[in-house]
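I have placed the structure first, in the form of structure tokens, so that the comments after it can refer back to it.
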Amino acid sequence: MENLNNNFDVIVVGAGTGGSVAARFVAEKGLKVCLIDRKAKKDIGNKICGDAVGTEIFDFLKINHPKNEELSCRIKGAKLYSPDQKKSIDLTDPKQAGYIINRLEFGQRLLNEAINSGVDQFLDKTLALDLLYDKNIVNGVKVKLNSGDKVDLRSNILIDASGFYSPLRKKVRSILVEKEISKDDSILCYREIVKFSPHDLKIKNPDYISIILNQDKAPGGYIWYFPKNESSVNIGLGTFMNLKGKVKDLYHQNVFNEFIKTSKYEIISSGGGVVPVRRPLWSCTDNGIMFVGDSACQVNPLHGGGIDPSMRAGLYAANTAINAVEKGNYSVKSLWNYNHKVMTSFGAEFASLDLLRMTLQILPNEDLNFALEQDLLSGEEILEISSTGEFQLPVLNLVTKALKGISKPNLLLDLNYLRIRMNEISKLYKNFPINIENFEEWKRQAIQVYDKIKNVNKYKKS
Ligand SMILES: Cc1cc2nc3c(=O)[nH]c(=O)nc-3n(C[C@H](O)[C@H](O)[C@H](O)COP(=O)(O)OP(=O)(O)OC[C@H]3O[C@@H](n4cnc5c(N)ncnc54)[C@H](O)[C@@H]3O)c2cc1C
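If you count the sequence shown from 1, position 417 lands on 914 in this note's numbering, and the numbers rise without skipping.
Structural data, given as structure tokens:
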């Protein structure tokens with residue numbers, strides 16, 4: 498390729514939501530940036546997704562909210578259904594309100610904003626193959642260009658936003674960054690966007706996204722029904738990874754047949770994907786490199802929403818990169834601030850929700866029905882947990898819940914034990930070490946909290 502530049506302050510791999518935002522904010526500061534993606538430019542943003550995103554991230558980043566062709570519809574909040582669907586809890590607060598987006602148009606907008614902010618070189622149809630090292634510091638990436646040529650692109654800082662299957666995370670030489678993501682910490686999804694005539698079928702709860710918990714129909718995950726407009730829906734389900742090969746059947750039986758009660762329909766899009774549903778990587782940075790979005794497991798473990806955190810992390814990584822370039826120091830010590838920002842903000846919330854996710858995944862339908870029907874968790878409490886990762890109960894509420902849950906004392910005790918551990922891990926994350934020197938001791942304490950819940954769950958499963 499003629500005129501190919503090989504040296505940059507920052508190279509961003511992956512132009513999804515995380516990578517495009519990271520590239521934009523670094524480029525806005527005038528740094529020399531290269532953004533690459535394996536897809537053709539026109540396909541960037543075209544991802545199998547539920548297409549739901551809250552309003553908050555746009556104010557946080559001070560960027561335009563979705564509008565026009567990017568916006569499929571607005572939603573007021575979520576309805577969470579018990580397995581028998583006799584009870585639903587409304588999750589409505591301004592933070593949960595949001596948008597159903599046209600994923601391709603949205604992705605194209607974020608990409609174009611990055612390019613227009615001054616990205617020096619955008620390479621589409623370009624595959625990142627391997628990390629380049631100078632001694633023990635990442636200083637670039639080996640890529641295969643559209644022409645088939647393999648070239649080395651050099652950077653002071655590499656931002657990897659190449660998604661769940663990141664090939665680069667596996668190539669990091671130090672032990673700080675996990676290479677593999679456990680199947681127990683991932684969810685397999687399948688979804689379709691289905692169009693029909695509003696005369697044949699009415700949209701269910703058009704102002705809300707609906708989520709149905711059901712361990713038989715969507716084991717380990719949930720069923721979703723998201724309206725897109727008056728004549729189409731995004732419907733799907735997530736399950737344990739070991740149901741690979743069965744997930745499509747589960748979808749047809751328990752989602753499609755359940756909701757699409759008409760013979761006149763058109764399937765606009767269909768496909769599957771994997772979402773990490775755990776706390777972020779123990780470390781989202783190493784010498785010369787930062788990981789953003791799915792590549793760093795920065796996804797809400799409870800509902801699998803990863804658009805907001807990937808964009809948030811994109812900004813944090815950009816700010817850390819700008820500081821590091823100013824100082825001329827690209828070591829993990831210099832980039833540690835990125836970890837600190839992630840762990841003390843949404844990382845604390847996700848670490849806590851990870852414990853809740855592990856517990857919910859093994860609760861039988863009977864207990865889920867009971868907990869929702871008896872209001873052992875109210876809409877406000879679920880919102881508090883899902884937005885802060887913490888769950889404080891006034892004594893009076895505890896007593897009321899104890900009375901309501903009296904016929905299932907073990908469930909009540911389990912939920913209370915979980916509540917204590919969730920608050921414990923959230924506090925630990927909010928005190929994430931500002932210096933790498935204290936990281937190992939912090940990690941040891943965090944693992945202890947996880948082991949407590951894992952051991953209880955193992956005992957319940959056996
Ligand atoms: C079925 C499903 C439903 C979901 N629903 C929702 C939802 O409703 N709301 C929500 O918030 N989140 C949802 N998510 C999660 C969300 O889609 C992701 O968390 C989010 O897109 C993460 O963004 P990212 O930038 O990290 O990665 P991606 O958006 O995956 O972007 C990664 C980019 O890297 C590129 N790339 C990959 N490998 C290479 C390589 N080797 N070289 C160069 N480029 C490469 C890819 O082409 C891609 O453009 C869902 C996920 C799935 C699978």
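A virtual CB, placed ideally from N, CA and C, is assigned to each residue, including glycine.
Pick from I572, N920, L908, P695: whose alpha carbon is nearest that of K761? Stepping through the sequence shown from its first residue, residue 761 is reached at position 264. It is P695.
If you follow the beta strand (DSSP E) that D506 is in, where does it begin and where does it stop? Numbered from its first residue, the sequence shown carries residue 506 at position 9. Where D506 is concerned, the enclosing beta strand (DSSP E) stretches over 504-510.
Mind checking I765: buried by the 16 CB within 10 Å criterion, or exposed? The residue given as residue 765 occupies position 268 in the sequence shown. Exposed: under 16 other Cβ atoms inside 10 Å.
Evaluate the contact criterion for the segment 693-707 versus the segment 655-668: three or more CB pairs, one atom per stretch, below 8 Å. no
For I944, is the classification buried or exposed, using 16 other Cβ atoms within 10 angstroms of its Cβ as the cut-off for buried? In the sequence shown, the residue the question calls residue 944 occupies position 447. The residue in question, I944, is exposed, as its Cβ has fewer than 16 Cβ neighbours within 10 Å.
Applying the 10 Å Cβ sphere with the 16-neighbour rule, what's the burial state of Q942? Walking along the sequence shown from the start, residue 942 turns up at place 445. By the neighbour-count rule (16 or more Cβ atoms within 10 Å), Q942 is not buried but exposed.
Determine, using beta-carbon pairs with one atom in the segment 547-556 and one in the segment 635-650, whether at least three such pairs fall under 8 Å. no
Out of curiosity, what's the CA-to-CA distance linking E689 and N599? Numbered from its first residue, the sequence shown carries residue 689 at position 192. Numbered from its first residue, the sequence shown carries residue 599 at position 102. Approximately 14 Å between the Cα atoms of the pair.
Cutting at 6 Å between CB atoms, please list the residues of its own chain near L869, excluding the five before and the five after it. Translated into positions along the sequence shown, residue 869 becomes position 372. The answer, listed in chain order, is S579, K584.
Here's the rule I'm using: 16 or more other beta-carbon atoms within 10 Å means buried, otherwise exposed. How should K668 be labelled? Counting from 1 along the sequence shown, the entry for residue 668 is found at position 171. Its Cβ being crowded by 16 or more others within 10 Å, K668 is buried.
Span separating the alpha-carbon of D506 from that of V822: To locate residue 506, count along the sequence shown from 1; it is residue 9. To locate residue 822, count along the sequence shown from 1; it is residue 325. If I take the Cα positions, the gap works out to 7 Å.
I believe E763 touches G615 by the beta-carbon criterion, under 8 Å. Please report the beta-carbon distance rounded to the nearest angstrom. Here residue 763 refers to the residue found at position 266 of the sequence shown. Here residue 615 refers to the residue found at position 118 of the sequence shown. The Cβ separation is near 41 Å, so there is no contact.
Where A848 and R776 are concerned, what is the direct C-alpha to C-alpha distance, given to the nearest angstrom? If you number the sequence shown from 1, residue 848 lands on position 351. If you number the sequence shown from 1, residue 776 lands on position 279. C-alpha separation (whole angstroms): 5 Å.
Start-to-end residues for the beta strand (DSSP E) that takes in S767: Counting from one through the sequence shown, the residue named residue 767 turns up at place 270. It spans 762-773 - the beta strand (DSSP E) in which S767 sits, taken as one unbroken run.
Taking the alpha carbon of T759 as the reference point, which residue from P716, S729, P861 has its own alpha carbon closest? Position 262 of the sequence shown, counted from the start, is the residue given in the question as residue 759. Relative to T759, the option among P716, S729, P861 whose CA is nearest is S729.
Is it right to say Q582 is buried, meaning 16 or more other beta carbons lie within 10 angstroms of its own, or is it exposed? Indexing the sequence shown from 1 puts residue 582 at position 85. Q582 should be labelled exposed.
Could you tell me if F557 is buried or exposed, where buried requires 16 or more neighbouring beta carbons within 10 angstroms of its beta carbon? Taking the sequence shown and counting its residues from 1, one reaches residue 557 at position 60. The residue in question, F557, is exposed, as its Cβ has fewer than 16 Cβ neighbours within 10 Å.
Is the closest heavy atom of ligand 1 to the C-beta of S659 under 7 Å? Reading the sequence shown from its first residue, position 162 is the one you call residue 659. Checking the Cβ of S659 against ligand 1 gives yes.
For the candidate residues P773, R916, N613, N866, whose alpha-carbon lies nearest to that of Q712? If you number the sequence shown from 1, residue 712 lands on position 215. Among P773, R916, N613, N866, the Cα nearest to that of Q712 is on N866.
Could you check whether A715 and L734 sit closer than 8 Å to each other, using their CB atoms as the reference points? Mapped onto the sequence shown, residue 734 falls at position 237. Mapped onto the sequence shown, residue 715 falls at position 218. Yes. Within cutoff.
Can you check the segment 520-574 for any beta strand (DSSP E) of at least 3 residues that lies completely inside it and give the ranges in chain order? 530-533, 549-551, 568-572
Can you tell which of L673, I533, R918, N565 has its C-alpha closest to the C-alpha of L620? To locate residue 620, count along the sequence shown from 1; it is residue 123. If we check each option's Cα against that of L620, I533 comes out closest.
How big is the Cα-Cα spacing for A520 and Y835? Within the sequence shown, numbered from 1, the residue matching residue 520 stands at position 23. Within the sequence shown, numbered from 1, the residue matching residue 835 stands at position 338. Approximately 15 Å, taken between the alpha carbons.
Would you identify the three-state DSSP class for T759, choosing helix, strand or coil? Residue mapping note: residue 759 aligns to position 262 of the sequence shown, counting from 1. It is coil, neither helix nor strand.
Hey, out of G769, K838, I931, whose CA is closest to K743's CA? On the sequence shown, residue 743 is found 246 positions in, with the first residue counted as 1. Considering only alpha carbons, the answer is G769.
Put G785 into one of helix, strand or coil per three-state DSSP. The count along the sequence shown starts at 1 and reaches residue 785 at position 288. G785: coil per DSSP, three-state reduction.
My guess is that K564 and A594 are in contact by the Cβ rule of under 8 Å, so how many angstroms apart are they, rounded? Taking the first residue of the sequence shown as position 1, residue 564 is located at position 67. Taking the first residue of the sequence shown as position 1, residue 594 is located at position 97. Rounded, the Cβ-Cβ distance is 15 Å, inconsistent with contact.
Going along the chain, which residues of its own chain have a beta-carbon closer than 7 Å to the beta-carbon of F603, five neighbours each way excluded? Your numbering for residue 603 matches position 106 in the sequence shown. Taken in chain order, the residues that qualify are G542, P563, E567.
Determine whether the Cβ of I944 lies closer than 8 Å to any Cβ atom of chain C. Of the protein chains in the structure, only one exists, and it is not chain C.
What would DSSP say about Q858, mapped onto helix, strand or coil? As a working mapping, residue 858 is identified with position 361 in the sequence shown. Three-state result, Q858: helix.
Would you kindly work out how many angstroms separate the C-alpha atoms of I757 and D864, rounded to a whole number? Here residue 757 refers to the residue found at position 260 when the sequence shown is read from its first residue. Here residue 864 refers to the residue found at position 367 when the sequence shown is read from its first residue. Distance between the alpha carbons of I757 and D864 is about 29 Å.
Would the segment 837-845 count as touching the segment 916-932 if we require 3 or more Cβ pairs under 8 Å? yes
On the three-state DSSP scale, how would you describe I654? Walking along the sequence shown from the start, residue 654 turns up at place 157. Of the three classes helix, strand and coil, the one that applies to I654 here is strand, per DSSP.
Is the CB-CB distance between S569 and I597 below 8 Å? Stepping through the sequence shown from its first residue, residue 569 is reached at position 72. Stepping through the sequence shown from its first residue, residue 597 is reached at position 100. In this structure, I597 lies closer than 8 Å to S569 by Cβ.
For ligand 1, any of its heavy atoms closer than 7 Å to the Cβ of C686? On the sequence shown, residue 686 is found 189 positions in, with the first residue counted as 1. True, at least one ligand heavy atom lies under 7 Å from that Cβ.
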